[in-house]
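Below is one structure, written out as structure tokens, with a few remarks after it.
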Amino acid sequence: MKIIRYGDPALREKSKPVNKITGETRQLVRDLLETLYAAPGVGLAAIQVGVPLRICVIDLRSKDLRQPIVLINPKIVAQQGRQEDEEGCLSLPGLSCPVKRHESVRVEATNEKGFPVVIEGTGLLSRVLQHEIDHLDGKLFLDYLSAADKKLLEQEVRRKKKQGDW
Ligand code: ZN
């Protein structure tokens with residue numbers, strides 16, 4: 452599937468909850484994973500391929516985690532601490548910025564089989580969880596930047612578009 456880029460108004464949409472998990476939902480999850488691996492990236496939300504449903508997939512390719520992580524209707528139910536690290540997004544390829552996030556979060560969701568899942572993430576996993584869940588509410592990492600930094604990033608986007616890099 453094609454990943455939509457920053458500037459597309461769909462990225463600002465609030466995605467709708469999934470009421471029923473069907474074969475179609477599972478196909479969408481497979482397509483999202485295929486798109487994530489092809490990119491490649493560590494996380495992808497359905498809205499990034501233009502589907503306004505509360506679904507995201509994460510794969511940090513870590514041996515310590517059961518992967519991939521499929522989250523349907525995810526909710527952050529607890530959060531703790533602070534961290535700051537460089538962050539990017541498949542919808543803003545080639546761009547990244549330091550972003551402050553919670554050091555750890557607990558997320559409740561449903562997986563593609565309809566079972567409830569609880570994911571506890573610290574460090575990078577916590578960051579990716581927060582980033583992907585933000586997408587479901589139409590929020591992007593650059594919304595956390597100062598006005599000056601956001602302006603610089605947007606200039607960079609315009610420059611890339613003009614050069615045909617995007
Ligand atoms: Zn993103």
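For the sequence shown, the positions run 452 to 617 when the numbering used here is used.
Virtual Cβ for every residue (Gly too), placed ideally from N, Cα, C.
Listed in chain order, which residues are found with a beta carbon closer than 6 Å to a heavy atom of the ligand ZN? 540, 541, 542, 582 and 586
Starting from residue 614, trace the beta strand (DSSP E) both ways and give me its first and last residue. Per DSSP, residue 614 belongs to no beta strand (DSSP E); it is in the alpha helix (DSSP H), 598-614.
With residue 536 as the anchor, note down where its beta strand (DSSP E) starts and where it stops. 534-539
Figure out for me which residue from 457, 465, 504 and 511 has the closest Cα to the Cα of residue 480. 504
Residue burial classification, residue 538 (beta-carbon count within 10 angstroms, cutoff 16): buried
So, is residue 492 buried or exposed, given that buried needs 16 or more other C-beta atoms within 10 angstroms? buried
Would residue 455 and residue 501 qualify as a contact pair, given that the criterion is a beta-carbon distance under 8 Å? yes
Environment of residue 566 [buried if 16+ CB atoms lie within 10 Å]: exposed
Inter-residue CB distance, residue 584 and residue 525 (contact presumed, cutoff 8 Å): 5 Å
Output yes or no for whether 8 Å exceeds the beta carbon distance between residue 577 and residue 552. yes
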